[in-house]
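For reference, the structure is listed below as structure tokens.
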Ligand code: AMP
Ligand code: ZN
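Residue numbers (this note's numbering): 897 to 1388.
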């Protein structure tokens, strides 16, 4: 029996605005789409938080035994400056400023994105499609929307007719906006642009002569609108209706609202059963964003080369810091908070090394099965990682008591406990054991190894090597002393 059959997962669905029981379309299988990065700059820590939230979600779904097809795209065309309807493409602009080919920009920042996510131990998605690799699919969807009467062509561009759509569907149901209010609040007057209404959004834009990223289409040489790529790629790989769609909270409107409208215009049914939105990482109480400069890059944290935190922190300390907050809550990064997370992370890793030293007793005195269910209950309640972590620390207390002989588990319970404790830490929270403690605990063995190699070199009269080992260790502050009993060392 797969684990998910005995667990009752509930998710907060941003569309219905309530927690719902999770039921996939095909039992045992899940299709999940998450909006990926626009690769025109280095990912900042805020972007990483959203991707890490979905990494944790992906991990827990797999932990429950589901087979998950996880699609996360790369936006490499169509996303215009300020998320606007007109203006320069973010990638072309960067290419122009840096005198590069747009695809050189895409390559550079895609590589950076992968490298950073890997440092945070995030699992790559099952499919990572690009917008430029799916122009044909996007053109096909535009044709379909025009055919259904929800889009119009003007001067080589094609726009989605929001007012027409709203006659039979509800535009704004995800973000809770009403079309009438949007119309009342808009400063742009109808007729100021070529669109019929200011709320209409581009499906295809005719390229101005200076716009270099362009493709042929039935309407003009141009490029697709930003919202269309996610509809094209999610439909292609997950079907017209799939289980989970995720992204940062800031994508709810207009991006996800437009995705719903496009898909409903084509298929007359809602494309996604559960919409999940991850909340923002803030710095000094304000949203971390590339455009405002209020951000910190992961690399600046790992090296300590920044003026926002007092010292360097490892990727796993940052990951633990993120996991201590619920994915749907705002999280503010501060020096005190990360320092506290570092202590917590080290404590947890110490418990991991202690748990292996525990031995089984004849009888259990601690109720391990109810503790295990509490861990699952936390995660089943809309992926509540802070509660899970509180439960893990309750287990740390038990580990310490067991170490001192004050609690005990029989061999079956102990085996179970070890697997679940480590499973939640490493597989679900996605942590790696990188604590300073664990790497420094290997130091004595390493020095002994070098002493042995030096002795071998001396026996072979290879004094160049033996001297090199002694001198370079001395440079690192490890001083070797040769005595009658052999070689000893001191660390300065
Ligand atoms: P972008 O590359 O701008 O399309 O953003 C990539 C992802 O990062 C999107 O899902 C955004 O919602 C998310 N994001 C942007 N800023 C933040 C932030 N400060 N905190 C969390 N997620 C963010
Ligand atoms: Zn998207």
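By construction, the Cβ of each residue, glycine as well, lies at the ideal position given by its N, Cα and C atoms.
DSSP places residue 1060 in the uninterrupted alpha helix (DSSP H) bounded by 1058-1064. Cβ neighbours of residue 1134 within its own chain (closer than 7 angstroms, five residues either side excluded): 927, 929, 965, 967. In this structure, the CA atom of residue 961 is about 17 angstroms from the CA atom of residue 1268. Shown here for residue 1179: same chain residues with a beta carbon closer than 6 angstroms to its own, the five before and five after excluded, namely 1190, 1229 in chain order.
Among the bridge pairs identified by DSSP, residue 965 is matched with 927. The Cβ neighbour count for residue 1287, taken over all protein chains shown within 10 Å, is at least 16; the residue is labelled buried.
When the five nearest sequence neighbours on each side are left out, the beta carbons in the same chain lying within less than 8 angstroms of the beta carbon of residue 1074 are those of 1068, in order along the chain.
Three or more beta-carbon pairs separated by less than 8 angstroms link the region 1121-1130 to the region 1097-1108, which places the two stretches in contact. Classified as buried, residue 990 has 16 or more neighbouring CB atoms from the shown chains inside 10 Å of its CB. Using a 10 angstroms sphere on the CB of residue 1060, the tally of other CB atoms reaches 16 or more, which defines it as buried. The alpha-carbon of residue 1195 is positioned some 10 angstroms away from that of residue 1209. Relative to the ligand AMP, the beta carbon of residue 1271 is positioned no closer than 7 angstroms to any heavy atom. If the five residues before and after residue 1248 are omitted, its C-beta is found closer than 7 angstroms to the C-beta atoms of 1318, 1321, 1329, all from its own chain and listed in chain order.
Here residue 1347 is not bridged, per DSSP, to any residue. In terms of side-chain proximity, the C-beta atom of residue 971 is found nearer than 7 angstroms to a non-hydrogen atom of the ligand AMP. For residue 1386, the uninterrupted beta strand (DSSP E) segment begins and ends at 1382-1387.
Distance check between residue 1012 and each of 1265, 1211, 1301, 1314 places 1211 closest, using alpha-carbon atoms only. It is roughly 21 angstroms from the alpha-carbon of residue 997 to the alpha-carbon of residue 982. For residue 972, the closest of 1004, 954, 942 by C-alpha to C-alpha distance is 1004.
Straight-line spacing of the CA atoms in residue 1001 and residue 1262 works out to 57 angstroms. Distance from the CA atom of residue 1231 to the CA atom of residue 1176, rounded to whole angstroms, is 18 angstroms. Counting only runs that start and end inside the region 1131-1186, the alpha helix (DSSP H) elements of at least 4 residues fall at 1153-1163. Burial state of residue 1082 is exposed, judged by a 10 Å Cβ sphere holding fewer than 16 other Cβ atoms.
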